[in-house]
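Numbering (our numbering), first residue to last: 91 to 341.
Note sheet for the following structure.
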Amino acid sequence: RKGFTLAEGATHRDPAFRLSIEKKGGKGHCQRRFGFTLAEVLVTLGIIGVVSAMTVPSLMQNYQRQSYVAQLHKVYNETSQAIIQYVNDRNAINIKEAGLLSNDAIDEFVKKYYKVVQDCGTEYSPCFADEYKGLNGVSKGALFNSTAYNHYVLASGAAVMLSARDDNIQFYIDTNGRKGPNIVGRDAFAIQIYIDGTLDDRATPYVSSTTPPTKDEREATYTNTCANQTTGGEWWGCFGKILNDNWQMTY
C-alpha cells in the first residue's frame, strides 16, 4: 500500500536513513584518527627555533632603540617647556633677553624648572660615567669631564651638562645617567639651545651659533661625526639624525 497510518509512521524508518545511522554509529563503525608523528613535531619545532633565532635579536634591538629615543624625547620636551616658561616669566622674547646666557643663570634655571636630585657642580662625577664610547666602539674617555659646565641628575634619571655661550647654550645629555650603554648616539647626545629657545644639533664644520642647521647640514654632521667618531671631542650629529628621521633611531 502507498500510505501508512499515523501510528505506523511513528515507527516507520526510511531504509536509507537507517543505513546512514548504522554507518556513522552502528556496530562495526570505524573512526579514523588524525595526528602528528614525533618526527613531524621535531621538524616543526626546529623551524620555529630557526625563525626565532633570526627575528628575536632584531626585535630586541628595535625595542632598545625605541627606548633610547623615548628617554631622549622626554628630556627634550621637559627642556623645551622649561625654556618657554623661563622666557615667559621674564616677559622676554628669547633666552638672551631673558638673561639665561650665563652659567649662574643656568644654575638657577635648572634648579627652578627641573626636579634635580643631584647637583655635581662643575665636576662630572658622580653624575656621569667615567668612560663613553662612539658608535664605532672607540673610547672617548670621560666625555663629560669639563669644569666649564654645570652637571646635574634629574628626577627622570637623566644626567645633563650645560654651559652658556655668547648666543647659545651647549646642552649635553646622558638619558639614563651613569647606567650603560654609555655610547654617543645611544644614550649620550650633544644638543645646542639656540637664542630663540630651539633645541637642535649644529652644523660641522661650525656654520652658525644662532641659526639651527638645515636638514642637509644635520645629515652631513651625522656622517662626519656621529657615525665616524674618530675625534675625541667631536660627537655632534646623532641628535640631528634622529630629528631628520622623525624621532626614529635608524642607525
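Idealized CB from N, CA, C, for every residue including glycine.
If you're wondering where the values come from, they're calculated on a predicted model, not measured in any experiment.
Exercise for review: Count the other C-beta atoms from every protein chain shown that fall within 10 angstroms of the C-beta of R255, then say buried if there are 16 or more, exposed otherwise.
Suggested key: Taking the sequence shown and counting its residues from 1, one reaches residue 255 at position 165. R255 comes out exposed.
**Study point:** Three-state secondary structure assigned by DSSP to M339
**Key:** Counting from one through the sequence shown, the residue named residue 339 turns up at place 249. Coil at M339, not helix or strand.
Practice item. Use the C-beta contact count for R180: other C-beta atoms within 10 angstroms, 16 or more gives buried, fewer gives exposed. Key: As a position in the sequence shown, residue 180 is number 90, starting the count at 1. By the 10 Å Cβ count, R180 comes out exposed.
**Study point:** Local conformation of G330 per DSSP, three classes
**Key:** As a working mapping, residue 330 is identified with position 240 in the sequence shown. Three-state result, G330: helix.
**Study point:** Three-state class that DSSP yields for G287 in the structure shown
**Key:** Stepping through the sequence shown from its first residue, residue 287 is reached at position 197. Here G287 sits in coil by DSSP.
Point to revise | Y242 vs V200 beta-carbon contact at 8 Å | key: Residue numbering aside, residue 242 sits at position 152 when the sequence shown is read from its first letter. Residue numbering aside, residue 200 sits at position 110 when the sequence shown is read from its first letter. The answer is yes: Cβ separation under 8 Å.
**Study point:** Ranges of the alpha helix (DSSP H) found wholly within the region 116-198, counting only runs of at least 4
**Key:** 128-179
**Study point:** Close Cβ partners of Q156 (< 8 Å) along its chain, the five nearest in sequence each way excluded
**Key:** Within the sequence shown, the letter at position 66 stands for residue 156. These residues qualify, in order along the chain: M339.
**Study point:** Pairwise C-alpha distance: K331 and I281
**Key:** Counted from its first residue, the sequence shown places residue 281 at position 191. Counted from its first residue, the sequence shown places residue 331 at position 241. Looking at the two C-alpha atoms, the distance is approximately 12 Å.
**Study point:** Closest by C-alpha distance to G231, when choosing among Y222, P302 and N336
**Key:** Against the sequence shown, residue 231 aligns to sequence position 141. Out of Y222, P302 and N336, Y222 has the C-alpha closest to the C-alpha of G231.
Check your understanding: Which one or two residues does DSSP pair with V206 in a beta bridge?
Key -> On the sequence shown, residue 206 is found 116 positions in, with the first residue counted as 1. Paired residues: L244.
Practice item. List the whole-angstrom C-beta distance separating T302 from Y284, where the pair is believed to meet the contact cut-off of C-beta under 8 Å. Key: The residue labelled residue 302 in the question sits at position 212 within the sequence shown. The residue labelled residue 284 in the question sits at position 194 within the sequence shown. The residue asked about is misnamed: residue 302 is Pro in this sequence, not Thr. Correct: roughly 6 Å between the Cβ atoms.
**Study point:** Neighbourhood of P216 by C-beta, 8 Å cutoff - its chain only, sequence neighbours within 5 removed
**Key:** The count along the sequence shown starts at 1 and reaches residue 216 at position 126. These residues qualify, in order along the chain: Q208, C210 and R268.
Check your understanding: From this set, N258, F234 and I263, which residue's C-alpha is nearest L244's C-alpha?
Key -> For the purposes of this step, residue 244 is taken as the residue at position 154 of the sequence shown. Of the listed residues, the one whose Cα sits closest to L244 is I263.
Exercise for review: Check each candidate in D290, T300 and E198 and name the one with the smallest Cα separation from E74.
Suggested key: The shown model of the chain, from 91 to 341, leaves out residue 74, and the question about it has no answer.
Point to revise | Sub-8 Å separation of Q319 and G224 beta-carbons | key: Reading the sequence shown from its first residue, position 229 is the one you call residue 319. Reading the sequence shown from its first residue, position 134 is the one you call residue 224. The answer is yes: Cβ separation under 8 Å.
**Study point:** Pairwise C-alpha distance: L128 and D277
**Key:** Looking up residue 277 in the sequence shown gives position 187. Looking up residue 128 in the sequence shown gives position 38. Near 48 Å, if we compare the C-alpha coordinates of L128 and D277.
Point to revise | Rounded distance between the beta-carbons of Q161 and T265, thought under 8 Å | key: Indexing the sequence shown from 1 puts residue 265 at position 175. Indexing the sequence shown from 1 puts residue 161 at position 71. Contact flag correct, Cβ pair sits at about 4 Å.
Review point. Which stretch, first to last residue, makes up the alpha helix (DSSP H) that contains K305?
Key: What you label residue 305 is simply residue 215 of the sequence shown in a count that begins at 1. Where K305 is concerned, the enclosing alpha helix (DSSP H) stretches over K305 to T311.
Check your understanding: Taking the alpha-carbon positions, what's the Q260 to L252 distance?
Key -> The count along the sequence shown starts at 1 and reaches residue 260 at position 170. The count along the sequence shown starts at 1 and reaches residue 252 at position 162. Roughly 6 Å separates the two Cα atoms.
Point to revise | Simplified DSSP assignment, three categories, for L96 | key: Position 6 of the sequence shown, counted from the start, is the residue given in the question as residue 96. Any reading at L96 is ruled out, since the residue's pLDDT is 43, under 50, leaving its predicted position unreliable.
Point to revise | Three-way DSSP call (helix, strand, coil) for V274 in this model | key: Along the sequence shown, read from residue 1 onward, the residue named residue 274 stands at position 184. Note: V274 maps to strand in three-state DSSP.
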